[in-house]
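A.B. asks: The sequence shown: position 30 = 949 (this note's numbering), numbered continuously. In this text, a Cβ means the ideal position worked out from N, Cα and C, and glycines have one as well.
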Amino acid sequence: EGPGFDHEHLPDPTDPQNIEKPHGRGVFLMRALSDAVSFADNGAAVTLTFSLKPVNG
């Protein structure tokens, strides 16, 4: 739902001017923690891909 957002032009949350802001880390975390992130419908739909590896032991 909603109009979506421009996922290609987001402020860097690690930039000193943004580091103390209480928002703006979601896409940064998704990209850091998943294997792939894809956006559709102008950013209104997001798909995260995780590669699962077997646990030995």
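#1: Which residue comes first and which comes last in the beta strand (DSSP E) that contains residue 965?
#2: Rounded to the nearest angstrom, what separates residue 940 and residue 934 at their Cα positions?
#3: Looking only at its chain, what residues have a beta carbon closer than 7 Å to the beta carbon of residue 956, apart from the 5 residues adjacent to it on each side?
#4: Going by DSSP, what residues sit across from residue 958 in a beta bridge?
#5: Under three-state DSSP, which class holds residue 944?
C.D. replies: Working from what's here:
#1: Position 46 of the sequence shown holds residue 965. If you look at residue 965, you'll find it in the beta strand (DSSP E) that goes 964-968.
#2: As a first step, residue 940 is located in the sequence shown; it is residue number 21 there, counting from the start. As a first step, residue 934 is located in the sequence shown; it is residue number 15 there, counting from the start. Their backbone Cα atoms lie some 10 Å apart in a straight line.
#3: In the sequence shown, the residue the question calls residue 956 occupies position 37. For residue 956, where only same-chain residues beyond five positions count, the Cβ hits under 7 Å are 949, 950, 965 and 967.
#4: The count along the sequence shown starts at 1 and reaches residue 958 at position 39. In the DSSP output, where bridge partners are listed per residue, residue 958 has 965.
#5: In the sequence shown, counting from the first residue as 1, residue 944 sits at position 25. Correct three-state label for residue 944: coil.
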